[in-house]
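Dropping the structure here:
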């Protein structure tokens, strides 16, 4: 469970231009403001499986995820950018050596205000947390976990008479088998993500909802892939299925999330009552203001002895119901305020950490933020700390050694049963076979932001998208000469 009192403060944005088109070469950047982001991005197909399905208001449909992009700051090794282009606007995050920047629609924070700009960009350090954490921190109380732990131990796996295990005698004949083709290691957790009607109501469109999902997946993918779980490396995530409940589903009797007032434990239970045997994990994203500032809740995994967490199959429990405990939930609302992506991403990583087998951090070794040593305290606490972290400390986006130990045990025991190898997707395979890497769209789009005192930032985006086979990438072409998919091209303006 995770809670936060985060709220983005208005720090005096003065002017932010509309999207614009820049027709020069990528290396012709002369008039640099205080910070200039030269982003080179291309379509991200790594977050969705080849058999990815999306269901909207009960109807399954094929969906194009070409509005999702990933890239880097040109010339800055180790940087990473990810986001989406919806209605001609970029939204996402930019990880730099000086911290992470976020770009969001301005109306998300400046509601009912007429402003001459459509987006805001801010550094992670600009987020202020006006709500003081209570004594119970991120967990409403320990009784919640006690109840969950007791319930997990009551699961009984129904025997399937069609499934039998035949063991060969030790002294039996030795069979010579054909050597198998080398397979990628099973390090990928496939996800089922649902969003309720309140989440859809907040973000407005299915494109925006999918962009939010991909942003969360990319954020935790970056954290988990960079962590060595005692020899288990490169843990990654892919979305296999998305179910979007729109505002039309608010009164649908078959929609379990239709009621307005649902407590966090009940909300998790509703998710768990569905059968999620086909997935490593199943999450529901919502926009609800849960009691005590709770931002998320998930079942804690264990290597043995209890049910719950990654790869868990549907079982019958003590209340007479069959449930899938490979589940979790997160919300993007906190004390009637929108939760900034930075906090929501850490919340998601935290809850998935529970599913992977990590309880909350405890002890001096794994809670340096509580240390009397100023040097240790300044580094902050780790992801699995019981209270929400601001995310700006050195340790806030890392797992403690306590978490690593616990998670590694669960991975060794369970990942073989539901994790998959991450093959190149069909698009990458087709490019490889053709021996080419066609790229079509090149367009720079500037977003400007000014704070009080004249501090100014700008972003330049180069979108490299898949085009016709054999088409060459030519950065000298005017954007209007290419088949752009951008919906909005507006005049260029500057900070002042």
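In the working numbering, the protein residues as written are 1434 to 1929. Backbone N, C-alpha and C fix where the C-beta goes; we use that ideal spot for every residue, glycine too.
- Counting only unbroken stretches of 4 or more residues, no alpha helix (DSSP H) element lies wholly within the segment 1464-1533.
- For residue 1704, the enclosing alpha helix (DSSP H) stretches over residues 1697-1705.
- Of all alpha-carbon atoms in 1784, 1523, 1732, the one lying nearest the alpha-carbon of residue 1820 is that of 1784.
- Within the same chain, 1703 come within 6 Å of residue 1689 by CB-CB distance, once the 5 residues on both sides are set aside.
- Ranking 1537, 1552, 1660, 1682 by CA distance to the CA of residue 1634 puts 1682 first.
- Taking a cut-off of 8 Å for Cβ pairs, the segment 1737-1754 and the segment 1842-1858 touch, as three or more such pairs fall below it.
- If you check the CB distance, residue 1500 and residue 1651 do not come in under 8 Å.
- DSSP places residue 1556 in the uninterrupted beta strand (DSSP E) bounded by 1552-1556.
- When the Cα atoms are used, residue 1585 and residue 1774 turn out to be separated by approximately 31 Å.
- DSSP assignment within the segment 1644-1703 yields the following whole beta strand (DSSP E) runs of 3 residues or more, N-terminal first: 1669-1677.
- The shortest C-alpha to C-alpha distance from residue 1729 to any of 1786, 1589, 1620 is the one to 1786.
- Going by DSSP, residue 1622 is part of the beta strand (DSSP E) stretching over 1619-1628.
- Per DSSP, reduced to three states, the secondary structure at residue 1715 is strand.
- With fewer than 16 other beta carbons inside 10 angstroms of its own, residue 1666 counts as exposed.
- Residue ranges of uninterrupted beta strand (DSSP E) with 3 or more members, entirely inside the segment 1724-1809 and ordered along the chain, are 1727-1731, 1760-1764.
- Leaving aside the five residues that flank residue 1519 on each side, the residues in its chain whose CB is nearer than 8 Å to its CB run, in chain order, 1500, 1638, 1640, 1641, 1644.
- Excluding residues up to 5 positions away in sequence, 1798, 1799 lie with their Cβ nearer than 8 Å to the Cβ of residue 1834 in the same chain.
- Cβ atoms of residue 1618 and residue 1790 stay farther apart than 8 Å, at about 19 Å.
- Per DSSP, the unbroken alpha helix (DSSP H) holding residue 1838 starts and ends at 1834-1851.
- Between the segment 1759-1776 and the segment 1710-1727, the count of C-beta pairs closer than 8 Å reaches three or more; the two stretches touch.
- Separation of residue 1830 and residue 1815 (C-alpha to C-alpha, rounded to the nearest whole angstrom) is 7 Å.
- If you draw a straight line from the Cα of residue 1486 to the Cα of residue 1713, it is about 16 Å long.
- Judged by DSSP in its simplified three-state form, residue 1584 adopts helix.
- In the three-state reduction of the DSSP assignment, residue 1634 falls in the helix class, which pools H, G and I.
- For the 8 Å CB-CB criterion, residue 1502 and residue 1477 form a contact.
- Here the alpha carbon of residue 1489 sits roughly 43 Å from the alpha carbon of residue 1812.
- Residue state for residue 1536 is assigned as strand, using DSSP reduced to three classes.
- Taking 8 Å as the upper bound for CB-CB distance, residue 1757 and residue 1710 are in contact here, some 7 Å apart.
- Taking C-alpha positions only, residue 1673 is separated from residue 1808 by approximately 43 Å.
- By the Cβ-count criterion, residue 1531 is exposed, with fewer than 16 other Cβ atoms from all chains shown falling within 10 Å of its own Cβ.
- A Cβ-Cβ separation of about 18 Å leaves residue 1793 out of contact with residue 1653 under the 8 Å criterion.
- Exposed is the label assigned to residue 1575, since fewer than 16 other Cβ atoms lie within 10 Å of its Cβ.
- The beta carbon of residue 1658 is closer than 7 Å to those of 1667, 1668, 1669 in its chain, skipping five residues each way along the sequence.
- The closest CA to that of residue 1504, considering only 1677, 1470, 1748, 1706, is found on 1470.
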